[in-house]
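Trainee: Using this note's numbering, the final residue of the sequence shown is 280, and nothing's skipped along the way. We put the beta carbon where it would ideally sit given N, CA and C, even for glycine.
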Amino acid sequence: MAADGSITFDTTLDNTDLRKKLFQLKKDVDSLSDKIEKEKGKQLPLIKQAEELQQKIRKSREEVALYKEQWKNGVLGADQQEMDATQRLSALTAELNSVYEKIQKHDDAIAGYESSLEDQVEEAAELEKS
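Have a look at this one:
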């Protein structure tokens, strides 16, 4: 066989790896979206609980102020009622702070998922351009 010195190049493109990567990114995006929705679902009852506690705290503050005023006016037993109301207010405030901490944990998780989601969407967009 005689060698003529020619070189041939195969110019067909194989984008199988690109398609696999894009498919995986889309799965990851869907998974992250699901995680975000689940976290929001877990957070929603906590937000409702916090709103209810805020209302109870407002009423409790009004109650403390009422008993304080009664005590100033010499109403018998108002000092004990004020002390009891102050303790209830303190307990409600502590409970609200605990709920806020739980809400914050969900906020942090959501923020992390959203950041990852943005990265995945950007990467997928770049791959689709390829």
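1. Would you mind sorting S210 into buried or exposed? The rule is 16 or more other CB atoms within 10 Å of its CB.
2. Do you know offhand how far I186's Cα is from R238's?
3. Answer with buried or exposed for E276, where buried requires no fewer than 16 other C-beta atoms within 10 angstroms of its C-beta.
4. Using only the alpha-carbon positions, how far apart do K279 and D184 sit?
5. Note down the Cα distance separating L216 from S181, rounded to an integer number of angstroms.
6. Give me the residue from K206, E251, S156, A261 with the minimum Cα distance to A235.
7. Write down the C-beta distance between I260 and I197 rounded to the nearest angstrom, noting that I regard them as a contact closer than 8 Å.
8. What is the DSSP secondary structure of I260, counted as helix, strand or coil?
9. With a threshold of 6 Å on Cβ separation, who are the neighbours of E251 within its own chain once the five nearest residues in sequence on each side are excluded?
Mentor: To lay it out plainly:
1. Along the sequence shown, one-based indexing puts residue 210 at 60. Its Cβ being crowded by 16 or more others within 10 Å, S210 is buried.
2. Translated into the one-based positions of the sequence shown, residue 186 becomes position 36. Translated into the one-based positions of the sequence shown, residue 238 becomes position 88. Looking at the two C-alpha atoms, the distance is approximately 36 Å.
3. Translated into the one-based positions of the sequence shown, residue 276 becomes position 126. Exposure of E276 is indicated by the presence of fewer than 16 other C-beta atoms within 10 angstroms of its C-beta.
4. Counting from 1 along the sequence shown, the entry for residue 279 is found at position 129. Counting from 1 along the sequence shown, the entry for residue 184 is found at position 34. Near 26 Å, if we compare the C-alpha coordinates of D184 and K279.
5. Translated into the one-based positions of the sequence shown, residue 216 becomes position 66. Translated into the one-based positions of the sequence shown, residue 181 becomes position 31. Cα to Cα, L216 sits roughly 53 Å from S181.
6. In the sequence shown, residue 235 corresponds to position 85, counting from 1. For A235, the closest C-alpha among the options K206, E251, S156, A261 is that of K206.
7. The count along the sequence shown starts at 1 and reaches residue 260 at position 110. The count along the sequence shown starts at 1 and reaches residue 197 at position 47. Not a contact, Cβ separation roughly 12 Å.
8. Position 110 of the sequence shown, counted from the first residue, corresponds to residue 260. In the three-state scheme derived from DSSP, where H, G and I count as helix and E and B as strand, I260 is classed as helix.
9. The count along the sequence shown starts at 1 and reaches residue 251 at position 101. Counting only Cβ-Cβ distances below 6 Å, and skipping sequence neighbours, we find nothing.
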